[in-house]
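What follows is a set of notes on a single structure, which appears directly below.
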Amino acid sequence: MQVGIIVAALKKHRLATFLIAIEIALACAVLCNAIFMFMEKSRALNLDSGVEESSLGVVQLSGFSADNANDINARVINAIRAIPGVESVGVISAVPFGDPGVRAGVNIDEALERSGGVLDFYLGDAVALNSLGLKLLSGRMPEPAEYAPIEQYVPSNAPVLVTKQLADRYWPGQAAVGQSIWAMDTRFTVIGVVEHLVVSQPGGGEALGNDWSLIVPAVAGPQFAGRYVVRAKPQDLPRIFGQVGKVVSAAAPDVVFDQTASRPVSELRSDYFRGAKVMMGLLAAVIVALLGATALGIVGLASYWVEQRRKQIGIRRALGATRTDILRYFQIENFLIVTMGIAAGLILSYAMNLGLMRFYELPRLPMAYLPISAIALWLLGQAAVLVPALKASAITPVQAIRSL
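The opening residue of the sequence shown carries number 0 in numbering that gives the first Met the number 0; numbering runs sequentially from there.
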């Protein structure tokens, strides 16, 4: 079957061909970006926090002064630790997917000329840091003597742990252990590198990466109180957190127990990504509706052309064309139309992505999504035209004559 003959026939139906090609171009542009956004949300849902979420929960308090902080810490920790099944309770500044703690911009040179961006500072006492279940890749964990009191926001000249993502960014090809970071008028010395520790609110804030986190050993005190990480077996956490509110209220009736923020980390994660799950559902619905509308458009146009060409089909059959010849004609014709639409759609995809990058801070569309969308539309086009094409191939010369 010569493509030139098909192209010549399409020129006689320029408006219909143009409209279906435009529909496919729009479908391609939306499909590329919708699939990309869906995969981005999916990656966020599967984000590795770096901590043992199923075994951890957080208790958050407010409504007390710094003068009472040491007493509050002691009473609350003892009360929670007394709940059967609790393995450990430590003071911490933040947990993944919870309320943020200390955030600050850092520099990676003493002259403060090389900015390292904004990091989440996770402050924790010895019990809290050991409870998180961080995976140490190099270096060591803080020693007992390295846990120091907070002077204003952080301990002065403290040893810290960094994530692998930060180590690779700040000191590519070098050992991170022994390097220094400067922030909040103090120097931090790296003593270890952990595989992951996600920022408290991934995808939000000013952090440029999900693992832009710094772990600082600290001693609980007036500037460091009111938030506690609880470790227990996963099967015990629901029961423990069913009792935490009553236990804390009895031990410290003069504080405010934040019930919304005091939950297992797995629940905090689920709530944090609830909006992403809704968005994924909407994107999936958009993708399905878009493909369905495109398929219906192709079916409608092909069916219309079959009815318009019954006489020509009958004549071709009478001249010796087989059913396969007729079927191939419509498949090739549709393939050419879809290809024209895809060619325009790929350009439109990037234009749409630039708009999303500008107004919604979406990352740049990877090239890999273009062939994925193109192949999906080619397959859809061939499947959609199949029924009308089979109907056309079944027309006999006698049927064509009778329909005149």
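Virtual Cβ for every residue (Gly too), placed ideally from N, Cα, C. Computed from a predicted model, the values in this text were never measured in an experiment.
Item to check | Alpha-carbon to alpha-carbon, Ser-61 and Asn-67 | outcome: Here residue 67 refers to the residue found at position 68 when the sequence shown is read from its first residue. Here residue 61 refers to the residue found at position 62 when the sequence shown is read from its first residue. Rounded to the nearest angstrom, the two C-alpha atoms are 11 Å apart.
Next on the checklist: Please return the same chain residues whose Cβ sits closer than 8 Å to the Cβ of Ala-249, not counting the five positions on each side in sequence.
Outcome noted: Taking the sequence shown and counting its residues from 1, one reaches residue 249 at position 250. Excluding residues within five positions, the ones whose Cβ falls inside 8 Å are Ala-78.
Item to check | Span of the alpha helix (DSSP H) around Asp-275 | outcome: Within the sequence shown, residue 275 is the residue found at index 276, counting from 1. The displayed chain sequence assigns Ala, not Asp, to residue 275. Counting along the chain, the alpha helix (DSSP H) containing Ala-275 begins and ends at 273 to 307.
Item to check | Reference Gly-280, options Ala-33, Tyr-121 and Phe-329, closest by Cα | outcome: Here residue 280 refers to the residue found at position 281 of the sequence shown. Taking each of Ala-33, Tyr-121 and Phe-329 in turn and checking the Cα distance to Gly-280, the smallest one comes out for Ala-33.
Checklist entry - Buried or exposed: which applies to Ile-190, given that a residue is buried once 16 or more other Cβ atoms fall within 10 Å of its Cβ? => result Numbered from its first residue, the sequence shown carries residue 190 at position 191. Burial of Ile-190 is indicated by the presence of at least 16 other C-beta atoms within 10 angstroms of its C-beta.
Next on the checklist: Distance check for Ala-292 and Phe-96, CA to CA, integer angstroms please.
Outcome noted: Within the sequence shown, the letter at position 97 stands for residue 96. Within the sequence shown, the letter at position 293 stands for residue 292. In this structure, the CA atom of Phe-96 is about 39 Å from the CA atom of Ala-292.
Next on the checklist: Counting C-beta neighbours from all protein chains within 10 Å, is the total for Glu-306 16 or more, i.e. buried, or is it exposed?
Outcome noted: Translated into the one-based positions of the sequence shown, residue 306 becomes position 307. So Glu-306 counts as exposed.
Item to check | Strand pairing of Gly-116, partner residues [DSSP] | outcome: What you label residue 116 is simply residue 117 of the sequence shown in a count that begins at 1. Secondary-structure assignment with DSSP links Gly-116 through a beta bridge to Val-105.
Checklist entry - Which one or two residues does DSSP pair with Tyr-227 in a beta bridge? => result Residue numbering aside, residue 227 sits at position 228 when the sequence shown is read from its first letter. Beta-bridge partners assigned by DSSP to Tyr-227: Val-58 and Val-90.
Next on the checklist: What residue range does the beta strand (DSSP E) around Phe-187 cover?
Outcome noted: As a working mapping, residue 187 is identified with position 188 in the sequence shown. Annotation for Phe-187: the continuous beta strand (DSSP E) segment containing it runs 185 to 193.
Item to check | Reduced DSSP secondary structure (H/G/I, E/B, other) of Ala-251 | outcome: Here the question's residue 251 lines up with position 252 in the sequence shown. If DSSP states are grouped into helix, strand and coil, Ala-251 belongs with coil.
Checklist entry - By Cβ distance, which residues of its chain are closer than 8 Å to Thr-323, with the 5 residues on each side in sequence left out? => result By 1-based counting over the sequence shown, the position of residue 323 is 324. Within the same chain, Cβ atoms closer than 8 Å to the Cβ of Thr-323 are found at Ser-392, the five residues on either side in sequence being excluded.
Checklist entry - For Leu-338, which beta-bridge partners are listed by DSSP? => result Working through the sequence shown from its first residue, we reach residue 338 at position 339. Sequence inspection shows Thr at residue 338; the Leu mentioned does not correspond to that position. Per the DSSP secondary-structure output, Thr-338 pairs with nothing in a beta bridge.
Item to check | Spatial distance of Thr-16 from Pro-387 (CA atoms) | outcome: Numbered from its first residue, the sequence shown carries residue 16 at position 17. Numbered from its first residue, the sequence shown carries residue 387 at position 388. So the two alpha carbons sit approximately 16 Å from each other.
Next on the checklist: Output needed for Val-298: all residues of its chain with C-beta closer than 8 Å, excluding positions within five of it in sequence on either side, in chain order.
Outcome noted: Walking along the sequence shown from the start, residue 298 turns up at place 299. So the qualifying residues of the chain are Ala-383, Val-384, Val-386 and Pro-387.
Checklist entry - Between Gly-116 and the rest of its own chain, which residues show a CB-CB distance below 6 Å, the 5 nearest in sequence each way excluded? => result The residue you call residue 116 lines up with position 117 of the sequence shown. Excluding its 5 nearest sequence neighbours in each direction, Gly-116 has C-beta neighbours in its own chain below 6 Å: Leu-207, listed in chain order.
Item to check | Supposed close pair Gly-138, Leu-122 - CB separation, criterion 8 Å | outcome: For this step, residue 138 is matched to residue 139 along the sequence shown. For this step, residue 122 is matched to residue 123 along the sequence shown. In this structure Gly-138 is not in contact with Leu-122, their Cβ atoms being roughly 19 Å apart against a cut-off of 8 Å.
Next on the checklist: By alpha-carbon positions, which one of Pro-263, Thr-259, Pro-216 and Val-247 ends up nearest to Pro-237?
Outcome noted: Looking up residue 237 in the sequence shown gives position 238. Per the Cα distances, Pro-263.
Checklist entry - Hey, how far is the Cα of Met-0 from the Cα of Thr-321? => result Here the question's residue 0 lines up with position 1 in the sequence shown. Here the question's residue 321 lines up with position 322 in the sequence shown. Because the pLDDT at Met-0 is just 49, under 50, the model does not fix this residue reliably, and the value given afterwards should be weighed accordingly. Computed Cα separation, rounded: 12 Å.
Next on the checklist: For the pair the region 229 to 244 and the region 165 to 172, tell me if three or more CB-CB distances fall below 8 Å.
Outcome noted: Per the Cβ contact rule, the region 229 to 244 is not in contact with the region 165 to 172 (fewer than 3 Cβ pairs under 8 Å).
Item to check | Ala-125 versus Ser-87: straight-line alpha-carbon distance, rounded | outcome: Residue 125 sits at position 126 when you count from the first residue of the sequence shown. Residue 87 sits at position 88 when you count from the first residue of the sequence shown. For Ala-125 and Ser-87, the distance between alpha carbons rounds to 11 Å.
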